[in-house]
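Visitor: When we follow the working numbering, the leftmost residue of the sequence shown carries the number 24, and every step to the right adds one.
Where a beta carbon is used, it is the ideal one built from N, C-alpha and C, also for glycine.
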Amino acid sequence: MSSFIGHSLTAVTIGIAFNSPRKPSLYRLGWYFWLIVISSFPDLDHFIPWLHQSAHQQSRITHSLTFALILPICTIFILTTIGIRGSKLKLYSWQVILAGLSQVLLDLLVGVVGIPLFYPFSRQNFQLPWGILPSAGKLDLGNYYLYRNLLIEMGVLLPILSLVIIISYRLFPPRQMRVALLGLPSISACFMFWAYNLSR
Numbered sequence: 024m025s026s027f028i029g030h031s032l033t034a035v036t037i038g039i040a041f042n043s044p045r046k047p048s049l050y051r052l053g054w055y056f057w058l059i060v061i062s063s064f065p066d067l068d069h070f071i072p073w074l075h076q077s078a079h080q081q082s083r084i085t086h087s088l089t090f091a092l093i094l095p096i097c098t099i100f101i102l103t104t105i106g107i108r109g110s111k112l113k114l115y116s117w118q119v120i121l122a123g124l125s126q127v128l129l130d131l132l133v134g135v136v137g138i139p140l141f142y143p144f145s146r147q148n149f150q151l152p153w154g155i156l157p158s159a160g161k162l163d164l165g166n167y168y169l170y171r172n173l174l175i176e177m178g179v180l181l182p183i184l185s186l187v188i189i190i191s192y193r194l195f196p197p198r199q200m201r202v203a204l205l206g207l208p209s210i211s212a213c214f215m216f217w218a219y220n221l222s223r
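1) How many angstroms separate the CA atom of residue 96 from the CA atom of residue 145?
2) For residue 174, which option in 154, 211, 198 has the closest C-alpha, if you only look at C-alpha atoms?
3) For a minimum of 4 consecutive residues, which ranges assigned as the alpha helix (DSSP H) are wholly contained in the stretch 65-121?
4) When you compare only the Cα positions, how much space is there between residue 60 and residue 50?
5) Output needed for residue 213: all residues of its chain with C-beta closer than 8 Å, excluding positions within five of it in sequence on either side, in chain order.
6) What residues in its chain sit with their C-beta under 6 Å from that of residue 108, if we drop five residues either side in the sequence?
7) Since residue 141 contacts residue 74 with CB under 8 Å, what's their CB separation in whole angstroms?
8) Consult DSSP for residue 144 and reduce its assignment to one of helix, strand or coil.
9) Decide yes or no for the touch test of the stretch 32-40 against the stretch 119-129: beta carbon pairs closer than 8 Å, at least 3 of them.
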């Protein structure tokens with residue numbers, strides 16, 4: 024699986040790129056926090072025994088599309104209930120849906136374990152034959168692989184996430200934009216290649 028930091032950065036980037044509420048700042052930060060909660064929700068299987076894969080024939084049922092969309096759907100329902108409509112509802116809906124699906128996508132790109140994408144309709148596990156993200160290292164401050172894998176993950180994600188924000192807000196003039204469009208994906212690709220060559 025990908026790390027909590029990777030999921031959190033992806034969720035916040037979704038919030039920023041889709042122009043989440045700017046005022047007041049506390050509300051904006053609260054919204055970012057909620058996107059992080061949504062993106063991390065499928066990892067509940069690490070903390071709740073009856074959701075753990077060992078209780079479900081080694082299937083990570085919380086990483087199915089259905090489970091990943093539980094909080095987004097509940098959020099959209101609440102937003103509708105409190106009177107949010109039109110383009111604002113559409114904007115927020117896209118953000119929560121993408122935040123939920125980002126968890127599944129990042130973990131799928133690790134390529135270590137299969138994911139039952141269509142559970143409960145099917146228990147079939149889907150696994151990519153390759154991985155371009157490292158798995159999260161064991162949470163131990165003395166664990167070398169924790170830091171190595173986090174470095175690789177940030178090397179893959181940060182250039183891409185930065186580029187998303189740069190493009191969304193047109194932060195660079197045309198010449199610098201061309202450099203960013205070429206340079207940032209190239210940096211990310213180098214770390215992807217490193218991740219691809221890790222033993223799995």
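Guide: Quick look at the numbers:
1) 21 Å
2) 211
3) 88-91, 93-104
4) 15 Å
5) 178
6) none
7) With 8 Å as the limit, residue 141 and residue 74 do not qualify as a contact, their Cβ atoms being about 17 Å apart.
8) coil
9) yes
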